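Undergrad: The numbers in the UniProt record's numbering rise by one with no breaks, and the one at position 24 of the sequence shown is 24. Just so you know, even glycine gets a beta-carbon here, dropped at the ideal spot from N, CA and C. Quantities reported herein were computed from a predicted structural model and do not represent experimental measurements.
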Amino acid sequence: MASPAKKRKRDDLESSAQRNRSIASFFQGQASKQAEKTQQALQTPAEVETPDEQTLSDEALARKLQAEWDQEIVAPTSQVDTPTSEPIPAPAPPPLDSEVTDLKSITGQSKGILSLQSSSGTEDTVSLAVPFDQSPITFDADKYVQELKGHWAAQGGDATYALLTRAFVLANATTSRIKIVDTLVNFLRVLIEGDPSSVLPAVWLATNSISPPYDEIELGLGGSSISKALKKVYGLNSQGLKSLYDKHGDAGDVAFEAKKRQSFTLMKPKPLRIKGVYQALKKIALSKGSGSQEAKQRLVEKLLQDARGAEESRYIVRTLVQNLRIGAVKTTMLIALARAFLYSKPEGAEFSVQSQQEMARLKKEELAEVYSNAEEIVKASYARHPNYDDLVPCLLESGVTEELLVHCGLQLHIPLRPMLGSITRDLSDMLTKLQGRDFACEYKYDGQRAQVHCDEAGKVSVFSRHLENMTEKYPDLVSLVPKIRGEGVSSFILEGEVVAVDQDTGDLQAFQILTNRAKKNVDIGTIKVNVCLFAFDLMYLNGQPLLDRSFRERRELLRSLFVEVPKRFTWVKSLDATSADSEAVLEFFKSATDIKCEGIMVKVLDNVLKSELELNGATAPTDRAPGEKPDSKSSSISKASGGRRKALLSTYEPDKRLESWLKVKKDYSTSSETLDLIPVAGWHGNGRKAKWWSPILLAVRNPETGGLEAVTKCMSGFTDKFYQANKDKYAEGSANVISRPGYVEYYGAPDVWFEPQEVWEMAFADITLSPTYPAAIGLVSEERGLSLRFPRFLKVREDKSIDEATTSDYLAYLWRKQSEKSKLEGSPPAPADEADE
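1) If you draw a straight line from the alpha carbon of M762 to that of W683, how long is it in whole angstroms?
2) Using DSSP with H/G/I as helix, E/B as strand and the rest coil, what is Y540?
3) Please say whether L170 and T183 have beta carbons closer to each other than 8 Å?
4) By Cβ distance below 6 Å, which residues in the same chain neighbour P415 in space, the five residues on each side in sequence not counted?
5) Determine contact between the stretch 742-757 and the stretch 705-714, defined as no fewer than three beta-carbon pairs at a distance below 8 Å.
6) Is T183 helix, strand or coil by DSSP?
7) Identify, in the order they occur along the chain, each residue of the same chain with its Cβ nearer than 7 Å to the Cβ of P703, setting aside the five sequence neighbours on each side.
8) Grab me the residues of L814's own chain with a C-beta within less than 7 Å of its C-beta, minus the 5 sequence neighbours each way, in chain order.
9) Tell me which residues share the same chain as I226 and place their Cβ nearer than 7 Å to its Cβ, disregarding the 5 neighbours each side in the sequence.
10) Thinking just about the alpha-carbon of each residue, which of A805, V481, A129, V203 is nearest to the one in A340?
11) In the DSSP assignment, find the unbroken alpha helix (DSSP H) run with P475 in it and report its ends.
12) Does the pairing of the stretch 771-778 with the stretch 651-669 give three or more beta-carbon distances under 8 Å?
13) Taking 8 Å as the cut-off, decide whether the C-beta atoms of G221 and K296 are in contact.
14) Pick helix, strand or coil for H453, following the three-state DSSP scheme.
15) Can you have a look at R688 and say buried or exposed, based on whether 16 or more other CB atoms are within 10 angstroms of its CB?
16) Going by CA-CA distance only, name the one from W753, E783, G599, K302 that's closest to K573.
17) L448: buried (16+ other C-beta within 10 angstroms of its C-beta) or exposed?
18) Does the distance from the C-beta atom of F764 to that of L648 stay below 8 Å?
19) Can the beta-carbon of S398 be found less than 8 Å from the beta-carbon of H385?
20) Counting only the same chain and skipping the five closest in sequence on each side, list residues whose C-beta sits under 6 Å from that of V602.
21) Restricting to Cα atoms, I'd like to know which of I738, T712, T651 is closest to M419.
22) Mapping the DSSP letters down to three states, classify Y315 as helix, strand or coil.
23) Mapping DSSP to helix, strand and coil, what is S801?
24) Who pairs with K520 in a beta bridge, going by DSSP?
25) At what residues does the alpha helix (DSSP H) containing F341 begin and finish?
26) Answer yes or no: do I377 and L410 have a C-beta to C-beta separation smaller than 8 Å?
27) Considering just the uninterrupted stretch of the alpha helix (DSSP H) at W597, what are its terminal residues?
28) Mapping DSSP to helix, strand and coil, what is Y388?
29) May I ask you to report which of helix, strand or coil DSSP gives G157?
30) Return the CA-CA distance between S787 and F754, expressed in angstroms with no decimal places.
31) Within 10 angstroms of its Cβ, does D390 collect 16 or more other Cβ (buried), or is it exposed?
32) Between the C-alpha atoms of I738 and A535, what's the straight-line distance to the nearest angstrom?
33) Taking Q305 as the reference, give the member of V199, P271, S490 with the closest Cα.
34) Please list the terminal residues of the continuous beta strand (DSSP E) segment that includes residue 844.
35) Can you tell me the Cα-Cα spacing of residue 838 and D455, whole angstroms?
36) Are R273 and T160 touching if we call contact CB-CB under 8 Å?
Structure representation (structure tokens):
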């Protein structure tokens, strides 16, 4: 499942798609209603007429139904025939579940009846007692596994959802990343040893997904579906539900409070299973056609009915609204999986694991190295093959070994996570970092990055940098593949930039033009926005991965084995240079910006410094077979080199941002940095701006928790036209305006909260310490966050999702860099008080 913000961004581009209203928007604009009287069913016949069943609360309806059943069973036959239009006197309050006796002991009959059940005390106390937040070195998984397996066997055999809820509660209770990882590690260990079949669904649920991004399955639930379920299952009316949401601002917290207030249920809920919850989500997502909404509604209600305890209700609803909020991101789960399989294995598995006693004897640095080695293998496998459906079974079979990269590695039609470039401030900064190295400068086109797969049968898949399947969006690229595949090329994975071009002149067009193309069901005969694919890398050829080969070799294979098609397929324009060629590089950079490119990408061509090769008597590695490992001299610097700095690798490293690839954009070449921030709230403007939102609160992204941290408010750089468009977009009562979200950190109280869904590029004068804003708090100061002096809006970054917004880590890095520069120049730091405006 994509994040809610990603889906909104995608849906905005599809005019035919119908947006699902968020649960927050469901409450907007509803008229206040008087709360229903929960004791209505207990009133005497003289006080009230028989109420309709739809107007009764759950408890009152239960009492009414109970009375009817009692009459049918214990009353004389003459009384059973009493007209049903007569009001039914309410019975005395039933005893608690522990006091309810079997019907047979009352009437001598064995027939079961509908009976009120106390909703208290239904929690899975065995699961809720497991201390997952202990260190994995001291956590005795086997002790709890034996107890839990007996508990599960008595209730059906599979691991209960309560166990996963326990892990969620402990992870949510801490901000310590170490504690969060330890909690997930120990939870996974218990499943690995006690119920291996539940590991995969647990991983999907803990990552707030049910499918990989390239084969995305959406739940398709609107806020109204969840609201209806909460009201029906927990006996709330609209006003009561709205009141809870206004107070808590989180759908899961609303469910938690509603479940706590529920005194009785019509039946004792069956325990939810981890596998059962995951399968229910799949059924919800796959429900299509006539009657699908009703089917989805029933599944949602069943999940809430079977939730045992308020915490299970909280996380069921958070899962349904796709905002789990446990502080665990993708990297956290990969780390947890790697460490869990170091300690535990399924019964009968043949791979070896580490002894807890041996791990406890390791020094801190040694333990960190053991963890790091395992984590690198799991991360590398996932980066090449990002699908838990394949990764987890491989881990269960072979553990964390090199075999994982063989069995769960690069595969056609499964996109690998792209390699990323580091940001440089300007050309001089780039030349300094790459001093002594051969590198290639390439135009950085203003388009959409694309990964093209083609197998021996000619099947073609096209994926975005976010791994979304774009094959339907670009049928013209699919039809182009047979023309560009040279002789001897049977299968391949190549990467390039899709750019809108004028087919008559060949001129490049802006990225906004490209966004005008439809995303699905595109008929090649109706395409109005033509594109050209500018290829720049080759990662797979004729059944063999090329990731371990140098960029120079990969580029040579790409250009020699594929065929150019004018204005439709060609190579990125490039220049090979060294740090001594500063004038040529500057001219190349200017030529890129002159034709409206974003700037240039600079990539290391070989794995070693030229001077290192001369010292070691080696030459650049060439003519290796595809997939062959590079020679040790090409991948690291020999100690004979006299302690020179480590060489940058020119291999393709999926999902890594390394300095062997550097971005030099025209924006970075100016004297000031820019940040990509997320608008999260606004205030009513004053004077001429009274009809608009001004100022607007912006936030950075915390990469560890997934939350957003307010960093500044801005009222500069906006045009009247933009102000109006922004007010229309975030109109009160619309789906884009929400109640106060729990995932946004801010101490103040804006007039309105925005649903986070877009990224704005912002310029600023300085970064300052601030008592007002929590951005990056704890990274540079334990008491103060960071903010911006004189922020100014530049543009909306339509090419970026909120997952690509500036992080708190990067903000802290810029602040430290600014502080070092200030010390060298002898200038005082910017005053904190000026940061707010």
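TA: On the basis of the coordinates in this document:
1) Between M762 and W683, the C-alpha separation is close to 19 Å.
2) In the three-state reduction of the DSSP assignment, Y540 falls in the strand class.
3) Contact: yes.
4) Answer for P415: Y214, Q451, F463, L467, listed in chain order.
5) They touch, by the three-pair rule.
6) Helix, per DSSP.
7) Counting only residues of its own chain and dropping the five nearest sequence neighbours on each side, P703 has a CB closer than 7 Å to the CB of V329, T807, D809.
8) For L814, the CB contacts under 7 Å within the same chain, skipping 5 residues up- and downstream, are E673, I767 in chain order.
9) If you ignore the 5 residues before and after I226, its C-beta comes within less than 7 Å of the C-beta of I23, A251, V300, V317, L320, V321, all in its own chain and listed in chain order.
10) The alpha carbon of A340 has as its nearest neighbour, out of A805, V481, A129, V203, the alpha carbon of V203.
11) Unbroken alpha helix (DSSP H) run through P475: 475-484.
12) They do not touch, by the three-pair rule.
13) In the sequence on display, residue 221 carries Leu and not Gly. With respect to the 8 Å criterion, L221 and K296 are classified as neighbours on the basis of their beta carbons.
14) Residue state, collapsed to three classes: strand.
15) The residue is exposed, with fewer than 16 neighbouring Cβ atoms inside 10 Å.
16) Nearest to K573 by alpha-carbon distance, out of W753, E783, G599, K302, is G599.
17) Note on identity: in this sequence residue 448 is Gln, with Leu being the wrong assignment. Within a 10 Å sphere around the beta-carbon of Q448 sit 16 or more other beta-carbons, which makes this residue buried.
18) Going by C-beta atoms, F764 is not nearer than 8 Å to L648.
19) Between S398 and H385, the C-beta gap is not smaller than 8 Å, which leaves the two residues out of contact.
20) Hits under 6 Å: M430, F439, C441, L662.
21) For the residues I738, T712, T651, the minimum Cα distance to M419 belongs to T651.
22) Here Y315 sits in helix by DSSP.
23) For S801, the three-state secondary structure derived from DSSP is coil.
24) According to DSSP, residue pairing for K520 in a beta bridge does not occur.
25) Residues 330-343.
26) No. Outside cutoff.
27) Position check: residue 597 holds Cys in this sequence, whereas Trp was assumed. Looking at the DSSP string, C597 is not in any alpha helix (DSSP H), and its letter there is neither H nor E.
28) If DSSP states are grouped into helix, strand and coil, Y388 belongs with the helices.
29) Residue state, collapsed to three classes: coil.
30) Between the alpha carbons of S787 and F754 lies a gap of roughly 20 Å.
31) Counting every other CB atom within 10 Å of its CB across the protein chains shown gives D390 a total of 16 or more, marking it as buried.
32) One C-alpha to the other measures close to 42 Å.
33) That would be P271, whose Cα lies nearest to the Cα of Q305.
34) Here the chain has residues from 1 to 837 only, and residue 844 is not among them.
35) Lying outside 1 to 837, the shown extent of the chain, residue 838 is not represented and no answer is given.
36) Cβ distance < 8 Å, so R273 and T160 count as in contact.
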